[in-house]
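S.K.:
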Amino acid sequence: MISTKSNEEFLAEVECFLNTCDFPVITSGHERENVNELNAVSVHEHVTYARSDCSSEGQPRSDEEEEREKGPRICRTYYERRKAERVHLRQQVKELASKLAKQKKTNAGSVVQMASSWWLVARWQRAARLNAEEQKRRLWAAVDTRAALIQALQTTMHTSLGQQIDVTSELFKNSAELLADKNKRINFDSSDAETFAAFVHELDVIYSQTDKALHAIGLESTSKDWDAPRQTWKEDSKTGCYLYMSHQTISSDFKETCAVLWQVAYMTHRQENREVFCAVDPENTVAIKFRITTRLNSGRIASVLQRVVTRRYQEDGRMILAWRSFAEGEGIFTDMYADETGWCAATPLSMHETLLRICMRHVPMHFRGVTTNKPEVDQFKNLVLDTGSNDVFEVTTRLESLLLQEA
1 MISTKSNEEF
11 LAEVECFLNT
21 CDFPVITSGH
31 ERENVNELNA
41 VSVHEHVTYA
51 RSDCSSEGQP
61 RSDEEEEREK
71 GPRICRTYYE
81 RRKAERVHLR
91 QQVKELASKL
101 AKQKKTNAGS
111 VVQMASSWWL
121 VARWQRAARL
131 NAEEQKRRLW
141 AAVDTRAALI
151 QALQTTMHTS
161 LGQQIDVTSE
171 LFKNSAELLA
181 DKNKRINFDS
191 SDAETFAAFV
201 HELDVIYSQT
211 DKALHAIGLE
221 STSKDWDAPR
231 QTWKEDSKTG
241 CYLYMSHQTI
251 SSDFKETCAV
261 LWQVAYMTHR
271 QENREVFCAV
281 DPENTVAIKF
291 RITTRLNSGR
301 IASVLQRVVT
311 RRYQEDGRMI
321 LAWRSFAEGE
331 GIFTDMYADE
341 TGWCAATPLS
351 MHETLLRICM
361 RHVPMHFRGV
371 TTNKPEVDQF
381 KNLVLDTGSN
391 DVFEVTTRLE
401 SLLLQEA
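For reference, each letter of the sequence shown is one residue, going 1 to 407 in the UniProt record's numbering.
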């Protein structure tokens, strides 16, 4: 009787303790059987442990004492195990949430830029398709006109052989007017203003990535004795893009260097089909479009249409130029595109020296099944990369020349 009463009291205490804990509700019978088996194993382990303690001490205990000591020990051990599990799970949640937030922050800027680039290319492709459909309709109209002309000539020849009627000349006149109208091209292209507006909207995000971009290619140091490659293009095997790095010391004070650097940012050496557009904040933003034409080794002429938007950001002890460029292939380079993001950081080294650090990221973009093993793809890539290198060379050369003239 005493033993039965003690067991009932012990089970009541355990049930009261479990009711006070925040455990998940078990809905299925199978899950309830698993939990009962787990609890039974735990109770069996603790009972065995208690019995081994009694046998090791060599002192006999009554059943009532054993039951009284066994109950709290089992409850305490079970509670501590569940508590440790909850603490471990909460720590894992914090670590995973931190990793997710960091990954989202890292990828946010690049995802937005690439989405914008593909959106612009899609608009241009749609405009080209609409233009092709309009030309097709005009060609069909020309074919119908020629067919009507032939039919009219046949009718005239069979019915009026003896008459001198100038029907033929009148028919040819009407046909010529229709054929001339065929050559009038309707411009469905999206306006450059919308393209530049999209680029300007992204410049603040690009500017916020300046330090990260410089650090990624090893240009984070501003030491005077720092030694690193000056002008280099290298391919990122993971992303498929190309990275450019350059650093140069200018023998001029920081303020004067920044003023002249903003002048050469207008890229006046690019004059072929050059257009300058009014942008938001014109005192610190420049938007230009120009064409680059070259003769390939095969003797063929190729060209690239390039749009560039540059904005100036002035900080305490540093000036940043952030730009966005988009190259569109023409002729044999049709359906080939390249997206470029760039940074130029001017930092004072001393009273009469300024450090220029330049970083560019070039991303090839191709449409309509353009295969990467075609020779035209490599030629387009080399032309765009050489254009970027030449622009940096022209800018730094003109910068030094203007500074010498003002000295």
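From the three backbone atoms N, C-alpha and C, an ideal C-beta is built for every residue, glycine too.
Report the residue from D253, R129, I206, Q151 whose alpha carbon sits nearest the alpha carbon of S116.
M.R.: Nearest option by C-alpha distance: I206.
S.K.: Look at L399 and V264 and say whether their C-beta atoms are less than 8 Å apart.
M.R.: Yes, they are a contact pair.
S.K.: Go through its chain and collect everything with a Cβ distance to E330's Cβ below 7 Å, but skip five positions before and after it.
M.R.: S303, V304, L305.
S.K.: Report yes or no: do three or more beta-carbon pairs, one from the stretch 375-395 and one from the stretch 348-355, lie closer than 8 Å?
M.R.: Flag = no, the stretch 375-395 and the stretch 348-355 do not touch.
S.K.: List the endpoints of the continuous alpha helix (DSSP H) containing C258.
M.R.: Note, C258: alpha helix (DSSP H), 254-264.
S.K.: Rounded to whole angstroms, what is the Cα-Cα separation between V361 and T77?
M.R.: Before going further, note that residue 361 is Arg rather than Val in the sequence given. If I take the Cα positions, the gap works out to 59 Å.
S.K.: Using the three-state DSSP reduction, which class does K212 fall into: helix, strand or coil?
M.R.: It is helical.
S.K.: Looking only at C-alpha atoms, which of M365, F290, Y313, E376 sits nearest to T347?
M.R.: Considering only alpha carbons, the answer is Y313.
S.K.: Any idea which residues DSSP pairs D339 with across the strands?
M.R.: Partner(s): F326, V363.
S.K.: Can you give me the Cβ contacts of V200 inside the same chain, cut-off strictly under 8 Å, excluding the 5 residues immediately before and after it?
M.R.: Answer for V200: A279, V280, T285, A287, V309, R311, listed in chain order.
S.K.: Buried or exposed: I301, going by 16 or more other Cβ atoms within 10 Å of its Cβ?
M.R.: Under this definition I301 is an exposed residue.
S.K.: What are the start and end residues of the beta strand (DSSP E) that includes E275?
M.R.: Looking at the DSSP string, the run of the beta strand (DSSP E) that includes E275 is 275-277.
S.K.: How big is the Cα-Cα spacing for M319 and T268?
M.R.: Those two C-alpha atoms are separated by around 21 Å.
S.K.: Using the rule of at least 16 other Cβ atoms within 10 Å of the residue's Cβ for burial, across every protein chain shown, is W343 buried or exposed?
M.R.: Classification for W343: buried.
S.K.: Which value, in whole angstroms, describes the spacing of the CA atoms of C258 and E85?
M.R.: The alpha-carbon atoms of C258 and E85 are separated by roughly 59 Å.
S.K.: Check whether the Cβ atoms of V377 and M336 sit closer than 8 Å, and answer yes or no.
M.R.: Closer than 8 Å, so yes.
S.K.: Could you pull the start and end residues of the beta strand (DSSP E) that L243 belongs to?
M.R.: L243 -> beta strand (DSSP E) spans 242-250.
S.K.: Between which two residues does the beta strand (DSSP E) harbouring K289 extend?
M.R.: Per DSSP, K289 belongs to the beta strand (DSSP E) from 285-295.
S.K.: Out of L214, D316, A345, state which residue places its alpha-carbon closest to the alpha-carbon of L261.
M.R.: For L261, the nearest C-alpha among the options comes from A345.
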